[in-house]
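Heads up: the sequence shown at position 59 corresponds to 887 in this note's numbering, and the numbers run straight through without jumps. All C-beta atoms, glycine included, are put in the ideal place defined by N, C-alpha and C. Inspection log for the structure reproduced underneath, given as structure tokens.
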Amino acid sequence: MALAIPQIPTHEHSDEQLMLCYAKGDSKAFEQLYLKHKGALYRYFVRQLGDKQLAEDLYQETWGRVIRAAANYEASAKFTTWLYRIAHNLLIDHVRAVKPVDLIATDEDETGPDTFVASEQDKPDVQWQEAQKSLLLKTCIALLPQVQKEAFILNIEMGFTAAIISDIAGVTLEATKSRIRYAYQSLKDCVSAKWQEAGHE
């Protein structure tokens, strides 16, 4: 008696396999990809634009381009790299066309790069200070040049390595490392300066 070959559940496929399945007409594969990446991709736009409606528009357009490009997708690069390259290009096109005022979202219920500032949870006065520094950090992120802001957000928020970020942005690894390094240094200096301006030691 021949043994039946077990079918691998869709959720056990890699992103690349799911995308190839979707290209062949498997809508459930796309649903898996969408559910996995929707939160991080949306935050990618919100963190850089500070405008939720605009972020939503670019977010939807990114998925639209993923759908339109599905038939030509090749798993030669990681899906996340390919996805964020599409998002990166849309963001750059928007910045060049509109040059919006860079703001950063400050919604209290949003998780952000607040881990950049250390926190001691057991002391109310320390908690207040860290909350203030967190707000200053968001303000300072908004002041970063666009390329540094994107590199920092992809690194700290998305957890992407410099190599992946360089692939997404289409620049050299050294340039990417420099952007991340300058972003960190600028944020450290900016938060420190603004903290002192506010009359804190």
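Pairs of beta-carbons, one from the segment 891-910 and one from the segment 963-970, closer than 8 Å: are there three or more? no
Quick check on the burial criterion: 16 or more other C-beta atoms within 10 angstroms. Buried or exposed for Glu1002? For the purposes of this step, residue 1002 is taken as residue 174 along the sequence shown, with counting starting at 1. Glu1002 is exposed by the Cβ-count criterion.
DSSP three-state call for Val999: helix, strand or coil? Here residue 999 refers to the residue found at position 171 when the sequence shown is read from its first residue. Val999: coil per DSSP, three-state reduction.
Please go through the same chain and pick out, in chain order, the residues whose beta-carbon is closer than 7 Å to the beta-carbon of Thr909, but skip the five residues on each side of it. Here the question's residue 909 lines up with position 81 in the sequence shown. If we look at Thr909 and ignore the five residues flanking it on each side, its Cβ neighbours are Ile992, Asp995 and Ile996.
Taking the Cβ atom as the reference point for each residue, do Glu978 and Leu1015 lie within a distance shorter than 9 Å? Indexing the sequence shown from 1 puts residue 978 at position 150. Indexing the sequence shown from 1 puts residue 1015 at position 187. No, they are not a contact pair.
Is it right to say Lys852 is buried, meaning 16 or more other beta carbons lie within 10 angstroms of its own, or is it exposed? Here the question's residue 852 lines up with position 24 in the sequence shown. By the 10 Å Cβ count, Lys852 comes out exposed.
Classify Leu972 as helix, strand or coil using the three-state DSSP reduction. Within the sequence shown, the letter at position 144 stands for residue 972. DSSP places Leu972 in coil when its eight states are reduced to three.
Residue range of the alpha helix (DSSP H) that Asp885 falls in? As a working note, residue 885 is residue 57 in the sequence shown. Taken as a continuous stretch (DSSP letters only), the alpha helix (DSSP H) holding Asp885 covers Lys880 to Ala897.
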